[in-house]
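The sequence shown maps to residues 1 to 413 in the UniProt record's numbering.
Where is the CB? At the ideal position from N, CA and C, for every residue including glycine.
Following: one structure in C-alpha cells, then a few remarks.
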Amino acid sequence: MAAFFLALVLVFLLIIFSSYALQLFHDSRRRLPPGPRPLPLIGNLHQLDRLPHRSMARLAARHRAPLMSLRLGAVLAVVASSPSAAREALQRRNADIAARSIGDSMRAGGHCDNSVLCLPPRRRWRALRRLCATELFSPQRLAATAALRREAVSVLLRRVSDHAAARGAGAAVDVGAAAHAAALGLLARTMFSGDLDAAAAREVSAIVDEASDLFTGGETTSHTIECALAELLQSPSSMRKVQEELESVVGTKEQIDESDISNLPYLQAVVKETLRLHPPVPLPPYEAEATVEIQGCTIPKGTKVLINIWAINRCPEAWIEPDKFMPERFLGREINFMGRDFQFIPFGTGRRMCLGLPLAYRMVHLMLGSLLHRFSWTLPAEVVKNGVDMRERFGLALSLVVPLHAIPQEIHY
C-alpha cells in the first residue's frame, strides 16, 4: 500500500513538473516580457508581499524589466513600471487594454454590476460613463453644486473645532477619519444634494458592494489629505510656505473658495507631490482583450495588465530625488494629473481615467487648504519622539496602517 501511494505521489509530481516545463517552453516561444522565473503551481506569488506595488517595483528594478511578466498562480500578468511602458499600454494600445481585471469575489456579490470602475467597455459602461460625465461631473453641474461643497467644508471645520474644544488644548484629531466623513459628505451633496453624518459615513463604508464608486471616491480623497498633512508636518518649511500663501491669498476668510485654487500654486504643488508619492490606487488592473505587442514583447489575450503607478511616480529617470517630498519640483512646470504626462498619472489615463477627477480636484484642494488655513497643526509628543508612521495598507484604496493623529490649534482672523 505504501508503495502504491509513493508511486501516486511520484506520478503527481511528474505531472506538475512536466506541466511546468511545458509552460516555460510555451512562454519562451511567445516572446513574453522578461521577469523572474516562476515556481510550479504558485508562480511568483512567493515574491510578493502585502504591498504588491512595492515588491513588483523591486522585482522590475532587479530584473531591469520596466515591462515585466509574472505568474500569479496560473494567471499570467504583465506589469508596466516605467512611463514609456505605461504610455504604450494605455495610449497606443488603449483600445485593446481597456477592460478591468476584476476578481471573482467582487463579481460574486454583484459588486460590479453598476460600477463604472469595474464594467467592461461595452454598451452599459459607455451609458454609465456618459451619464456621469454629463450629470455628475460636467462643468455646469459642478458649478451648480459649488455652494453645497462649501457648506460641507464648513461642517468639517466645525467638527474639528468642536473636537478640539471638547477635548481641551492638546487633543489630537484622527485626520483620516475626519477627512473621510467629510469626503463622503461632499460626494453625497454633489451627487444626491444630501449629506452623510458620521454614522451614515460609516454605514456607507461598510456596505461597499452597494456604493463602490462613492466609497472609493471618499477613500482616495481622505487618503490624499491625510498623507499631505503627514508630509507637511515632517517638512516645516513646506508647511510654512503653504500657510503663508493661504494667508496672502485667502486673507481673513475662514475657508478657501473654489475660485481661490487657481491663485494657490504652492497648495497645488503640495497636492501633486502628495499624489506622486502616495497614489491612492497604486496598481490599477487591466486586461488585454486581444493579443498585442508592447515594446517588442507579446501580451497574449486575457493577460492581466498591471500599471504600477507607484513605481512610475518614483521613476529615477523622470524625477530628481524621487523618494523625497519636494513640492517645489512642480512649481513653474506644466505637469498635471490629466493623463498626458506619463511620469505622473495618479488618476490613470485614457478611457479608464478617473471620471471624478474634476470633483476630486476641487474636493482635495478645498478640504486641505481650509484645514491648513483655519488651524495650525502639530504632532503629539509621542509621534514627535517616534516619528510619523507612513506604512501603508493595500486595499481598494491605500490607507495608512497607523492613522495620522495631529493637534489642531484654531487660527483667529
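For Ala228, I'd like the list of residues in its chain whose CB is within less than 7 angstroms of its CB, leaving aside the five on either flank, ordered along the chain. Indexing the sequence shown from 1 puts residue 228 at position 228. Contacts found: Val270, Val271, Thr274 and Leu368.
Which residue or residues does DSSP assign as beta-bridge partners of Ala406? By one-based count along the sequence shown, residue 406 stands at place 406. Partner(s): Val173.
Contact defined as beta carbons within less than 8 angstroms: I believe Pro280 pairs with Leu306. What is the distance between those atoms, to the nearest angstrom? Walking along the sequence shown from the start, residue 280 turns up at place 280. Walking along the sequence shown from the start, residue 306 turns up at place 306. So it is not a contact: roughly 16 angstroms between Cβ atoms.
On the DSSP bridge list, what partners appear for Pro33? Position 33 of the sequence shown, counting from 1, holds the residue named residue 33. Paired residue(s): none; Pro33 is not in a bridge.
For Tyr361, collect the residues of the same chain with a Cβ closer than 7 angstroms to its Cβ; drop the 5 residues on either side in sequence, then sort them by chain order. The count along the sequence shown starts at 1 and reaches residue 361 at position 361. Cβ neighbours of Tyr361 beyond the five flanking positions: none.
Which term fits Val401, buried or exposed, when burial requires 16 or more other beta carbons within 10 angstroms of its beta carbon? Counting from 1 along the sequence shown, the entry for residue 401 is found at position 401. Counting Cβ neighbours within 10 Å, Val401 comes out exposed, since fewer than 16 surround it.
Assumed close pair Gln234, Leu157 - CB separation to whole angstroms, cut-off 8 angstroms: Residue 234 sits at position 234 when you count from the first residue of the sequence shown. Residue 157 sits at position 157 when you count from the first residue of the sequence shown. Between Leu157 and Gln234 the Cβ distance is about 23 angstroms, and since that is not below 8 angstroms, they are no contact.
For the alpha helix (DSSP H) that contains Tyr266, what are its first and last residues? Numbered from 1 along the sequence shown, position 266 holds the residue referred to as residue 266. Its alpha helix (DSSP H) spans residues Pro265 to Leu277.
Neighbourhood of Ala21 by C-beta, 8 angstroms cutoff - its chain only, sequence neighbours within 5 removed: By 1-based counting over the sequence shown, the position of residue 21 is 21. Only weak support is given to the placement of Ala21: the predicted model assigns it a pLDDT of 48, under 50, and the value that follows is read from those uncertain coordinates. In its own chain, leaving out the 5 sequence neighbours on each side, no residue places its CB closer than 8 angstroms to the CB of Ala21.
Just verifying my parser: in three-state terms, what is the DSSP assignment at Leu39? For this step, residue 39 is matched to residue 39 along the sequence shown. Of the three classes helix, strand and coil, the one that applies to Leu39 here is strand, per DSSP.
Measuring alpha carbon to alpha carbon, tell me which residue in Ile407, Ala171, His278 and Glu244 is nearest Leu398. Taking the sequence shown and counting its residues from 1, one reaches residue 398 at position 398. The shortest Cα separation from Leu398 among Ile407, Ala171, His278 and Glu244 belongs to His278.
For Lys241, report the span of its beta strand (DSSP E) as first-last. The count along the sequence shown starts at 1 and reaches residue 241 at position 241. Taken as a continuous stretch (DSSP letters only), Lys241 belongs to no beta strand (DSSP E), being part of the alpha helix (DSSP H) at Pro236 to Val250.
Are the CB atoms of Pro38 and Arg71 within a distance shorter than 7 angstroms? Stepping through the sequence shown from its first residue, residue 71 is reached at position 71. Stepping through the sequence shown from its first residue, residue 38 is reached at position 38. Taking 7 angstroms as the Cβ cut-off, Arg71 and Pro38 qualify as a contacting pair.
So Leu246 and Leu59 are supposed to be a Cβ contact under 8 angstroms. How far apart are they, rounded? Counting from one through the sequence shown, the residue named residue 246 turns up at place 246. Counting from one through the sequence shown, the residue named residue 59 turns up at place 59. 42 angstroms between Cβ atoms; not a contact.
Can you tell me whether Arg71 is helix, strand or coil according to DSSP? Counting from one through the sequence shown, the residue named residue 71 turns up at place 71. Three-state result, Arg71: strand.
Please report the distance separating the alpha-carbon of Ala290 from that of Val75. For the purposes of this step, residue 290 is taken as residue 290 along the sequence shown, with counting starting at 1. For the purposes of this step, residue 75 is taken as residue 75 along the sequence shown, with counting starting at 1. If I take the Cα positions, the gap works out to 16 angstroms.
Pop quiz: Ala230 and Met390 are said to be a contact at Cβ under 8 angstroms. What is the actual Cβ separation, rounded to whole angstroms? The residue labelled residue 230 in the question sits at position 230 within the sequence shown. The residue labelled residue 390 in the question sits at position 390 within the sequence shown. That belief holds up - the Cβ atoms of Ala230 and Met390 are roughly 6 angstroms apart, short of 8 angstroms.
Do you know offhand how far Phe325's Cα is from Arg123's? For the purposes of this step, residue 325 is taken as the residue at position 325 of the sequence shown. For the purposes of this step, residue 123 is taken as the residue at position 123 of the sequence shown. So the two alpha carbons sit approximately 42 angstroms from each other.
Buried versus exposed, by CB contacts within 10 Å (16 or more), Val292: Residue 292 sits at position 292 when you count from the first residue of the sequence shown. Buried, by the Cβ-count rule.
By the three-class DSSP mapping on this structure, what secondary structure does Trp319 have? As a first step, residue 319 must be located in the sequence shown, where it is residue number 319. Note: Trp319 maps to coil in three-state DSSP.
Can you give me the start and stop residues for the alpha helix (DSSP H) that Ser55 sits inside? Looking up residue 55 in the sequence shown gives position 55. Ser55 -> alpha helix (DSSP H) spans Pro52 to Arg62.
For the beta strand (DSSP E) containing Ile309, list its first residue and its last residue. Translated into the one-based positions of the sequence shown, residue 309 becomes position 309. Segment Ile309 to Ile312 is the alpha helix (DSSP H) holding Ile309; no beta strand (DSSP E) there.
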